[in-house]
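There are 2 protein chains.
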Amino acid sequence: MAYTYEYARGALTVDCVVFGLDEDDLKVLLIQRDIAPYEGCWALPGGFVHVDESVDEAARRELREETGVDNVFLEQLYTFGAVERDPRERVVTIAYYALVNLGDHPVAADTDARNASWFPVYDVPDLAFDHDAILDMAYERLRNKIRYQPIGFELLPKKFTLTQIQRLYEKILDTTLDKRNLRKKILKLDVLEALDEVETDVAHRAARLYRFDPEKYLQQCKAGMGFDL
Amino acid sequence: MAYTYEYARGALTVDCVVFGLDEDDLKVLLIQRDIAPYEGCWALPGGFVHVDESVDEAARRELREETGVDNVFLEQLYTFGAVERDPRERVVTIAYYALVNLGDHPVAADTDARNASWFPVYDVPDLAFDHDAILDMAYERLRNKIRYQPIGFELLPKKFTLTQIQRLYEKILDTTLDKRNLRKKILKLDVLEALDEVETDVAHRAARLYRFDPEKYLQQCKAGMGFDL
Chain X
239 MAYTYEYARG ALTVDCVVFG LDEDDLKVLL IQRDIAPYEG CWALPGGFVH
289 VDESVDEAAR RELREETGVD NVFLEQLYTF GAVERDPRER VVTIAYYALV
339 NLGDHPVAAD TDARNASWFP VYDVPDLAFD HDAILDMAYE RLRNKIRYQP
389 IGFELLPKKF TLTQIQRLYE KILDTTLDKR NLRKKILKLD VLEALDEVET
439 DVAHRAARLY RFDPEKYLQQ CKAGMGFDL
Chain D
239 MAYTYEYARG ALTVDCVVFG LDEDDLKVLL IQRDIAPYEG CWALPGGFVH
289 VDESVDEAAR RELREETGVD NVFLEQLYTF GAVERDPRER VVTIAYYALV
339 NLGDHPVAAD TDARNASWFP VYDVPDLAFD HDAILDMAYE RLRNKIRYQP
389 IGFELLPKKF TLTQIQRLYE KILDTTLDKR NLRKKILKLD VLEALDEVET
439 DVAHRAARLY RFDPEKYLQQ CKAGMGFDL
């Protein structure tokens with residue numbers, strides 16, 4: 239089967255920057271390529287957009303097929319369309335970024351023969367194609383966006399402590415934050431529900447658990463308050 | 239000449255939302271289509287991406303060819319890739335938005351046979367394809383972005399009065415702003431150069447002219463101050 243067109247057509251792909259937060263670091267999920275070009279090189283998970291699926295669907299499908307990750311926060315980042323970005327032929331790629339709770343999505347690559355692994359964002363090998371630039375832009379978007387949208391909670395378990403929020407912001411912004419100030423700010427945003435539960439299996443005094451409340455957030459947005467950390 | 243591929247390939251286009259500010263309103267530049275589908279319908283200027291040009295180049299070229307607008311602020315907005323967005327065949331479009339100083343770019347469509355016209359953003363006819371959704375997103379981006387990046391000045395003449403800045407923000411945000419407060423805020427940002435010139439050809443007392451100073455802005459950014467109105 240072959241498809242013929244009057245004008246030359248480039249190929250269209252999607253690539254996903256998948257962020258996860260574990261005990262140690264903010265991490266990004268990479269795939270080791272098993273075909274040329276860049277054979278053996280690490281790259282972002284991704285692949286061709288089919289003509290009968292939307293670009294969003296393509297991103298979700300590739301993520302699922304290549305890493306086993308499904309049902310996660312996924313947002314379009316930017317479209318990279320330099321002429322020579324793929325040495326084989328003209329390929330334009332629509333980049334996405336995803337936020338994953340590593341508790342729910344422990345390790346990937348069980349659905350695919352290829353090697354997949356989590357790398358700390360500050361210790362990533364040279365990536366194939368222009369994927370370094372894509373990763374840089376995704377990380378910058380994440381750093382900016384967690385300050386004015388409550389997307390950071392996507393990286394935490396459903397129930398979390400205020401200390402976990404602090405770690406989240408410190409890891410992503412790569413800085414240390416004043417504990418009392420941050421807690422005051424977060425609670426003042428009034429988007430969390432304080433649960434009648436405390437954390438379990440801890441050596442220190444068990445801290446109270448919270449849950450992000452999307453309805454409270456919606457009310458804050460309607461009241462023009464939004465989210466600003 | 240024909241081009242053949244193993245898999246079906248969609249077409250790739252760019253579309254541009256061009257904003258301009260005149261005495262009356264914030265306006266958007268539209269083109270009247272002279273071919274099917276949507277013949278006679280208004281649409282965003284745009285067209286196919288060539289395989290030998292980057293997507294940014296394609297956006298600049300289409301803008302130039304279709305509207306005569308060149309050398310303006312142009313930024314990628316979002317890629318629209320629903321399967322059925324074009325009734326003819328699969329077309330994914332990369333949307334851009336441009337900001338134009340109408341003094342430098344009075345009216346368009348002199349380079350092209352097609353009808354082009356500026357419409358107030360709040361009084362736009364039903365557009366072809368999904369261009370209504372693209373325009374909505376571009377307008378939202380503009381409204382958000384002028385608050386934290388000094389892009390609004392792109393819509394003004396090189397030299398402008400503080401009253402013109404106020405009009406700019408009021409027109410884009412569709413609200414009235416307190417004159418003293420806004421002036422204080424703008425001057426405190428320290429990104430403007432006060433000129434030894436006043437406006438000419440005015441009936442009222444001539445106001446001082448200012449110029450946006452990119453170097454001052456860069457210094458503010460380095461100092462972590464940025465731009466926040």
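Chains as they are written, first to last, in this note's numbering: chain X, 239 to 467; chain D, 239 to 467.
Using N, Cα and C, we set each Cβ at its ideal position, and we do this for glycine too.
Local conformation of residue i per DSSP, three classes
{"i": "alanine 376 (chain X)", "result": "helix"}
{"i": "glutamate 291 (chain D)", "result": "coil"}
{"i": "tyrosine 334 (chain D)", "result": "strand"}
{"i": "alanine 249 (chain X)", "result": "strand"}
{"i": "glycine 390 (chain X)", "result": "helix"}
{"i": "aspartate 434 (chain D)", "result": "strand"}
{"i": "tyrosine 276 (chain D)", "result": "coil"}
{"i": "tyrosine 316 (chain X)", "result": "strand"}
{"i": "leucine 415 (chain X)", "result": "coil"}
{"i": "lysine 396 (chain X)", "result": "coil"}
{"i": "arginine 449 (chain X)", "result": "strand"}
{"i": "aspartate 348 (chain D)", "result": "Only weak support is given to the placement of aspartate 348 (chain D): the predicted model assigns it a pLDDT of 46, under 50, and the value that follows is read from those uncertain coordinates. Residue state, collapsed to three classes: coil."}
{"i": "leucine 420 (chain D)", "result": "helix"}
{"i": "aspartate 466 (chain D)", "result": "coil"}
Identified DSSP bridge partners for residue i
{"i": "isoleucine 269 (chain D)", "result": "D:Ala281 and D:Ala354"}
{"i": "tyrosine 241 (chain D)", "result": "X:Tyr243"}
{"i": "glycine 258 (chain D)", "result": "D:Lys265 and D:Val338"}
{"i": "lysine 454 (chain D)", "result": "Note: lysine 454 (chain D) sits in no beta bridge, so no partner."}
{"i": "leucine 365 (chain X)", "result": "X:Trp280"}
{"i": "valine 329 (chain X)", "result": "X:Ala249"}
{"i": "phenylalanine 311 (chain X)", "result": "X:Leu337"}
Within-8 Å CB hit, residue i to chain D
{"i": "glutamate 291 (chain X)", "result": "yes"}
{"i": "threonine 317 (chain X)", "result": "yes"}
{"i": "isoleucine 332 (chain X)", "result": "yes"}
{"i": "alanine 376 (chain X)", "result": "no"}
Chain D residues whose Cβ lies nearer than 7 Å to that of residue i
{"i": "arginine 302 (chain X)", "result": "Per Cβ cutoff of 7 Å: no residues; arginine 302 (chain X) is ~18 Å from chain D at best."}
{"i": "valine 362 (chain X)", "result": "What valine 362 (chain X) touches in chain D: nothing, since even the nearest Cβ is about 24 Å away."}
{"i": "arginine 328 (chain X)", "result": "Val289"}
Beta carbon proximity, residue i to chain X, threshold 8 Å
{"i": "cysteine 266 (chain D)", "result": "Residue 266 (chain D) is actually valine in this sequence, not cysteine. Closer than 8 Å: no."}
{"i": "leucine 250 (chain D)", "result": "yes"}
{"i": "arginine 421 (chain D)", "result": "no"}
{"i": "valine 321 (chain D)", "result": "yes"}
{"i": "threonine 349 (chain D)", "result": "Note on threonine 349 (chain D): pLDDT 47, under 50, position unreliable in the model; the coordinate value appears next. No, because no Cβ of chain X sits closer than 8 Å to the Cβ of threonine 349 (chain D)."}
Neighbouring residues, chain D, relative to residue i (Cβ below 8 Å)
{"i": "arginine 446 (chain X)", "result": "Near arginine 446 (chain X) there are no residues of chain D at all, since even the closest Cβ is about 33 Å away, more than 8 Å."}
{"i": "valine 255 (chain X)", "result": "Near valine 255 (chain X) there are no residues of chain D at all, since even the closest Cβ is about 16 Å away, more than 8 Å."}
Contact set between residue i and chain D, taken where Cβ atoms lie within less than 9 Å
{"i": "threonine 242 (chain X)", "result": "Ala240, Tyr241, Thr242 and Tyr243"}
7 Å Cβ cut-off: residues of chain X touching residue i
{"i": "glutamine 314 (chain D)", "result": "Tyr316 and Thr317"}
{"i": "alanine 246 (chain D)", "result": "Tyr241 and Val289"}
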